[in-house]
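Working notes, structure below.
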């Protein structure tokens, strides 16, 4: 029995009220709290069906991987978010698979695939909840793809920097150029060159461990 | 009142049995049968919310469009298929929009957005059906994106040709090199060069209006 996950679910699970006592019991007994270290793989490497992954603390990154090892980041998950794509085996309509890594030390509550299958088969509200979460991710993936496929790099970098400072709530992004390149599916050299250009233009200030945004207004103009 | 659509729905709508008499009436009065000519835009150009588009005959193509006019084909729809993304306004979780064109003369039954909103809000099974159709498209879009992002061009072209002949059921694809390039988000020159290579290798035979596949086995090897 996992009390920590039970409490977490009852507080942050919007459809908790639609679950019967028996279903809540099932969730309670078939979920587990796990801690992952920075960089650790949560889903994808083993080929197993993980289940629904609820983020209690930390940050997860979801990505796809080519045969040649090229990664494309689809989206990140923060506390309160759910990764349903790690339970794709439960959903007939989802025929692709993704990888999920902990981007920093993270605690997650996982409802295993068997329990999730039972819950979605018997309760249409749970199935709808799962499908809604999935289609939200569809929107995020489309956004990511459009960034990659359509935008010129200055614009993409501006959009990335603005999105990052909005997330962290300050004006400094504590990511190395290597990390930025990885998130943007680009090369470090390309990021480095563009940041130098932005820096010369007085848009940002680049230091060892991060990038400080100096002129949001002009960055927004570039972002379009 | 649209009898043709009513009949079409009752025959090919898998959740028709879950609709009440009143809901069926709503579908009947709020749907319309429209014919589109080859190349005509069905959804996207006007910025309006079209509704759920059911393909009765013909072929539709769904794509996204960059600011610079670059198109990326996401998937095509055949008789019996439904395009829910043309009703994205009805779904809170879908925050992107797509374009839908008739690729040849097509007849579609459209349930308008207002009626669809009412139906999904009041009947959890209809909502479920809409969400499932949407997540199926998520899988197709992921497939298309992986083709574009990860594969080398010979492999992509082989996959494309094999998929096409499987669809049409013969061994000849009646598309110009220009059209193939458009579907593959590539340039005509690139397609032309690779087809010439395939042709020299005895894999295909290229004629004015199409491409005939001669050696499926080796094409499959290239496709991986």
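Chains as they are written, first to last, in this note's numbering: chain A, 1 to 224; chain B, 225 to 448.
Beta carbons: idealized from backbone N, C-alpha and C, even for Gly.
For clarity, every value in this text was computed on a predicted model and none was experimentally measured.
What does the Cβ neighbour count give for residue i, buried or exposed, with the cut at 16 atoms within 10 Å?
i, result
"residue 299 of chain B", "buried"
"residue 356 of chain B", "buried"
"residue 377 of chain B", "exposed"
"residue 114 of chain A", "exposed"
"residue 312 of chain B", "buried"
"residue 121 of chain A", "exposed"
"residue 207 of chain A", "exposed"
"residue 168 of chain A", "exposed"
"residue 202 of chain A", "exposed"
Please report the Cβ distance between residue i and residue j, rounded to the nearest whole angstrom; I am assuming they are in contact, meaning their Cβ atoms lie under 8 Å.
i, j, result
"residue 308 of chain B", "residue 348 of chain B", "With 8 Å as the limit, residue 308 of chain B and residue 348 of chain B do not qualify as a contact, their Cβ atoms being about 16 Å apart."
"residue 101 of chain A", "residue 60 of chain A", "7 Å"
"residue 4 of chain A", "residue 33 of chain A", "5 Å"
"residue 341 of chain B", "residue 314 of chain B", "5 Å"
"residue 447 of chain B", "residue 373 of chain B", "That belief does not hold up - the Cβ atoms of residue 447 of chain B and residue 373 of chain B are roughly 16 Å apart, past 8 Å."
"residue 277 of chain B", "residue 239 of chain B", "At roughly 17 Å, the Cβ-Cβ gap does not stay under 8 Å, so residue 277 of chain B and residue 239 of chain B are not in contact."
"residue 364 of chain B", "residue 259 of chain B", "At roughly 25 Å, the Cβ-Cβ gap does not stay under 8 Å, so residue 364 of chain B and residue 259 of chain B are not in contact."
"residue 145 of chain A", "residue 418 of chain B", "Contact doesn't hold; Cβ gap of about 24 Å is too wide."
"residue 247 of chain B", "residue 343 of chain B", "6 Å"
From residue i to residue j, what distance separates their C-alpha atoms?
i, j, result
"residue 435 of chain B", "residue 265 of chain B", "27 Å"
"residue 267 of chain B", "residue 303 of chain B", "17 Å"
"residue 406 of chain B", "residue 438 of chain B", "23 Å"
"residue 287 of chain B", "residue 184 of chain A", "23 Å"
"residue 422 of chain B", "residue 358 of chain B", "37 Å"
"residue 137 of chain A", "residue 412 of chain B", "34 Å"
"residue 444 of chain B", "residue 328 of chain B", "29 Å"
"residue 191 of chain A", "residue 274 of chain B", "41 Å"
"residue 230 of chain B", "residue 17 of chain A", "37 Å"
"residue 227 of chain A", "residue 165 of chain A", "Since the first residue of chain A shown is 1 and the last is 224, residue 227 of chain A is not available in this structure."
"residue 160 of chain A", "residue 86 of chain A", "25 Å"
"residue 19 of chain A", "residue 112 of chain A", "17 Å"
"residue 279 of chain B", "residue 237 of chain B", "12 Å"
"residue 262 of chain B", "residue 204 of chain A", "50 Å"
"residue 151 of chain A", "residue 270 of chain B", "23 Å"
"residue 95 of chain A", "residue 2 of chain A", "31 Å"
"residue 28 of chain A", "residue 57 of chain A", "19 Å"
"residue 367 of chain B", "residue 98 of chain A", "12 Å"
"residue 381 of chain B", "residue 371 of chain B", "10 Å"
"residue 449 of chain B", "residue 317 of chain B", "Since the first residue shown for chain B is 225 and the last is 448, residue 449 of chain B is missing from the structure and cannot be characterised."
"residue 209 of chain A", "residue 180 of chain A", "11 Å"
"residue 71 of chain A", "residue 233 of chain B", "42 Å"
"residue 410 of chain B", "residue 420 of chain B", "16 Å"
"residue 301 of chain B", "residue 31 of chain A", "39 Å"
"residue 379 of chain B", "residue 216 of chain A", "43 Å"
Going by DSSP, name the residue or residues bridged to residue i.
i, result
"residue 212 of chain A", "A:172 and A:205"
"residue 325 of chain B", "B:265 and B:285"
"residue 332 of chain B", "B:258 and B:279"
"residue 72 of chain A", "A:64"
"residue 273 of chain B", "BP columns for residue 273 of chain B are empty, so no partner."
"residue 82 of chain A", "A:54"
"residue 77 of chain A", "A:60"
Who are the neighbours of residue i on chain C, taking C-beta pairs under 7 Å?
i, result
"residue 93 of chain A", "Going by chain labels, chain C is absent from the structure shown, which instead holds the protein chains A and B."
(Q) Taking contact to mean 3 or more Cβ pairs, one atom from each stretch, closer than 8 Å, check whether the region 109-125 of chain A and the region 393-400 of chain B are in contact. (A) Taking 8 Å as the limit for Cβ pairs, the verdict is that the region 393-400 of chain B does not touch the region 109-125 of chain A.
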